[in-house]
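Read through the structure below, which is laid out as structure tokens, and then see the notes.
In this note's numbering, the protein residues as written are 124 to 392.
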């Protein structure tokens, strides 16, 4: 059955790969992008931006299987894609197995890197702007944070690499060391709900601190809340693309915690 394309942009991408060589596709990629991405905030990878590239659907059972067995499925898919790309008429120079390494390198997934720089900077800006008797609290212990603090991945990065704004929370260094790469229990997460939502609100959503360093991309008045919800609505289950509710976001976080526990059998904290 011939492939079905959900919009013209998806069709353009397919034609690029079917009619040109590997090197030609990469050279023309920068020419195609401006016609696909039209808005000034496209650096925020929200659902509206992704939808410009087309759509496809999978049965839920297939999607869950891919998530569960990804570490075995991915190498097989990459190997088959290399063989398929080498078979294209425009890629004759890669047909020999010893020349296919370049195709394999192009398909290498960029390993996610743990990064908290933007959020740490945001925390310090807000902390310095607050009165001494209103300092930000550790989300896990309610202790007022001063000099010794960490930015914690609420869902452990070592088990689910995710540097989204909603997942990075200010914590006491001692509590963060205790938690390590363990998954917070559902009860612990719910006890911390008010403090987590307060951090989200103060750091990314309230108008009071949106003007701090307005030239910085992260602190741009529009980008700040847009990026926060865009990341959450993509990463967490059950959220619509236009969700702007921190209550719904928190419920989705609790659900994701349960999924990680079930699928990876993680140690709890």
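Ideal placement from N, C-alpha and C gives every residue a C-beta, glycine not left out.
Bridge partner(s) assigned by DSSP for residue i
| i | result |
| --- | --- |
| residue 272 | 295 |
| residue 230 | Paired residue(s): none; residue 230 is not in a bridge. |
| residue 267 | 260 |
| residue 306 | 391 |
Range covered by the alpha helix (DSSP H) that runs through residue i
| i | result |
| --- | --- |
| residue 319 | 316 to 323 |
| residue 198 | 193 to 210 |
| residue 381 | 369 to 387 |
| residue 241 | 240 to 252 |
| residue 171 | 170 to 174 |
Assumed close pair residue i, residue j - CB separation to whole angstroms, cut-off 8 Å
| i | j | result |
| --- | --- | --- |
| residue 293 | residue 262 | 7 Å |
| residue 306 | residue 279 | 6 Å |
| residue 268 | residue 274 | With 8 Å as the limit, residue 268 and residue 274 do not qualify as a contact, their Cβ atoms being about 11 Å apart. |
| residue 389 | residue 383 | 6 Å |
| residue 373 | residue 316 | 6 Å |
| residue 223 | residue 205 | 5 Å |
Heavy atom of the ligand SAH within 7 Å of residue i beta-carbon
| i | result |
| --- | --- |
| residue 223 | Absence of the ligand SAH is noted for the structure shown, with no ligands found whatsoever. |
For residue j and residue i, the rounded distance between their alpha carbons
| i | j | result |
| --- | --- | --- |
| residue 311 | residue 237 | 24 Å |
| residue 379 | residue 360 | 7 Å |
| residue 289 | residue 214 | 43 Å |
| residue 195 | residue 186 | 14 Å |
| residue 209 | residue 203 | 10 Å |
| residue 175 | residue 351 | 20 Å |
| residue 270 | residue 326 | 18 Å |
| residue 387 | residue 231 | 24 Å |
| residue 217 | residue 241 | 41 Å |
| residue 303 | residue 354 | 24 Å |
| residue 264 | residue 255 | 19 Å |
| residue 171 | residue 364 | 8 Å |
| residue 340 | residue 211 | Note that residue 340 scores 44 on pLDDT, short of 50, meaning its location in the model is unreliable; the coordinates nonetheless yield the value given after this. Rounded to the nearest angstrom, the two C-alpha atoms are 41 Å apart. |
| residue 392 | residue 243 | 23 Å |
| residue 181 | residue 323 | 33 Å |
| residue 284 | residue 291 | 12 Å |
| residue 330 | residue 229 | 43 Å |
| residue 250 | residue 272 | 12 Å |
| residue 207 | residue 177 | 22 Å |
Selected residue, minimal CA-CA separation from residue i, among the options
| i | options | result |
| --- | --- | --- |
| residue 201 | 188, 226, 182 | 226 |
| residue 277 | 362, 301, 234 | 301 |
| residue 370 | 318, 391, 389, 390 | 318 |
| residue 190 | 347, 364, 368, 358 | 358 |
| residue 385 | 244, 255, 308 | 308 |
| residue 296 | 182, 392, 266 | 266 |
| residue 173 | 374, 392, 356 | 356 |
| residue 281 | 324, 315, 234, 257 | 234 |
| residue 313 | 381, 188, 239 | 381 |
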